[in-house]
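What the sequence shown shows, in UniProt numbering, is residues 1 to 253, in sequence order.
Idealized CB from N, CA, C, for every residue including glycine.
First the structure, in the form of structure tokens, and then the observations on it.
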Amino acid sequence: MTTATSRVAIVTGGARGIGAATALRLAADGLAVGVLDLDEAGAKGTAEQITANGGKALAVAADVSDADAVQAAVERVAAELGAPTVLVNNAGVTRDNMLFKMTDADWDTVMGVHLKGAFLLSRAVQKYMVEAKFGRIVSLSSVSALGNRGQANYSTAKAGLQGLTKTLAIELGKFGVTANAIAPGFIQTEMTKATAERVGVPFEAFIEGAAKTIPVGRVGQPEDIAALVSYLVSEESGFVSGQVIYAAGGPKA
Ligand code: NAP
Numbered sequence: 001m002t003t004a005t006s007r008v009a010i011v012t013g014g015a016r017g018i019g020a021a022t023a024l025r026l027a028a029d030g031l032a033v034g035v036l037d038l039d040e041a042g043a044k045g046t047a048e049q050i051t052a053n054g055g056k057a058l059a060v061a062a063d064v065s066d067a068d069a070v071q072a073a074v075e076r077v078a079a080e081l082g083a084p085t086v087l088v089n090n091a092g093v094t095r096d097n098m099l100f101k102m103t104d105a106d107w108d109t110v111m112g113v114h115l116k117g118a119f120l121l122s123r124a125v126q127k128y129m130v131e132a133k134f135g136r137i138v139s140l141s142s143v144s145a146l147g148n149r150g151q152a153n154y155s156t157a158k159a160g161l162q163g164l165t166k167t168l169a170i171e172l173g174k175f176g177v178t179a180n181a182i183a184p185g186f187i188q189t190e191m192t193k194a195t196a197e198r199v200g201v202p203f204e205a206f207i208e209g210a211a212k213t214i215p216v217g218r219v220g221q222p223e224d225i226a227a228l229v230s231y232l233v234s235e236e237s238g239f240v241s242g243q244v245i246y247a248a249g250g251p252k253a
């Protein structure tokens, strides 16, 4: 997907998994990418890969749930790469537990990273988008938004992101800004590897089991999601807004 070379994107949680694949894809599309992550070394790794491929990137260490850190990170991207007009709210964590065992910290951490993080980033970048009369916000929801055993916190946050997306689409549409959510099914990353470990199943067997339940007969790869982000942040996607796209190898919604 070809996008204007002057655009600057911020991808949160860009150190690995879906975020890293997305950062690499957007850079290949011609965008300069601010790679934000808690894990500074990981963010640098992604940024260095982009630079080695001939792209432009900046690694920024920040906790997306910390308002001051988010503001500073966005300002740094604006100063060093240019005004960010593309935002991918991807940073995520899980703290799975059945409700009776779920702690306040399990709840607060997940809400802080997914929901507050997406709110803080969207609020910080909207100024640049409104000024540019162009913006693209993509947030990573999940099929878990439809409900998932052991994920009262995560499913609530992922459903919340769908509401945030629709509201941003309504509020910012007149400024040329679209907001959409992607709700992936099983994607092969460290996150699903950790889930396999938690339930005590070797990752390969976990993947094989999941693939059997997915209509296309395989689990997703980070690049499957990156390709969809690429479209949703492109110039030509401007009439698609406020949508939740399930990317799950079958009809999940
Ligand atoms: P992942 O491999 O665990 O990567 C998540 C990244 O987010 C990590 O680099 C992590 O950094 C970073 N991060 C966590 N907390 C952060 C914070 N407070 N501030 C900044 N960065 C933070 O996960 P993934 O599988 O690629 O998932 C990416 C997104 O897709 C998440 O929102 C996830 O919920 C969603 N999703 C994933 C799947 C799936 O099957 N994998 C399905 C549906 C939705 P650290 O390593 O330093 O913690």
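Secondary structure of V177 (DSSP, three-state): strand. In this structure, DSSP gives T103 a state outside helix and strand, which the three-state scheme calls coil.
Distances from the CA of E235 to each of E171, N89, T189 and I137 were compared; the closest alpha carbon is that of I137. Within the DSSP bridge table, the entry for Y246 names A183 as partners.
For A78, there is no enclosing beta strand (DSSP E); the enclosing alpha helix (DSSP H) has its first and last residue at A67 to E80. Within a 10 Å sphere around the beta-carbon of G163 sit fewer than 16 other beta-carbons, which makes this residue exposed. The closest CA to that of L120, considering only R149, A72 and Y154, is found on A72. DSSP lists V8 as the beta-bridge partner residues of P84.
For V77, the closest C-alpha among the options N148, T12, L115 and S65 is that of T12. In the three-state reduction of the DSSP assignment, I137 falls in the strand class, which pools E and B. With contacts defined by Cβ atoms closer than 9 Å, L58 and L31 do not form a contacting pair.
The stretch 42-51 makes no contact with the stretch 212-231: fewer than 3 CB pairs, one atom from each, lie closer than 8 Å. Using a 10 angstroms sphere on the CB of L99, the tally of other CB atoms stays under 16, which defines it as exposed. With respect to the 9 Å criterion, Y246 and P184 are classified as neighbours on the basis of their beta carbons.
In this structure, T189 lies near G17, with their beta-carbon atoms less than 9 Å apart.
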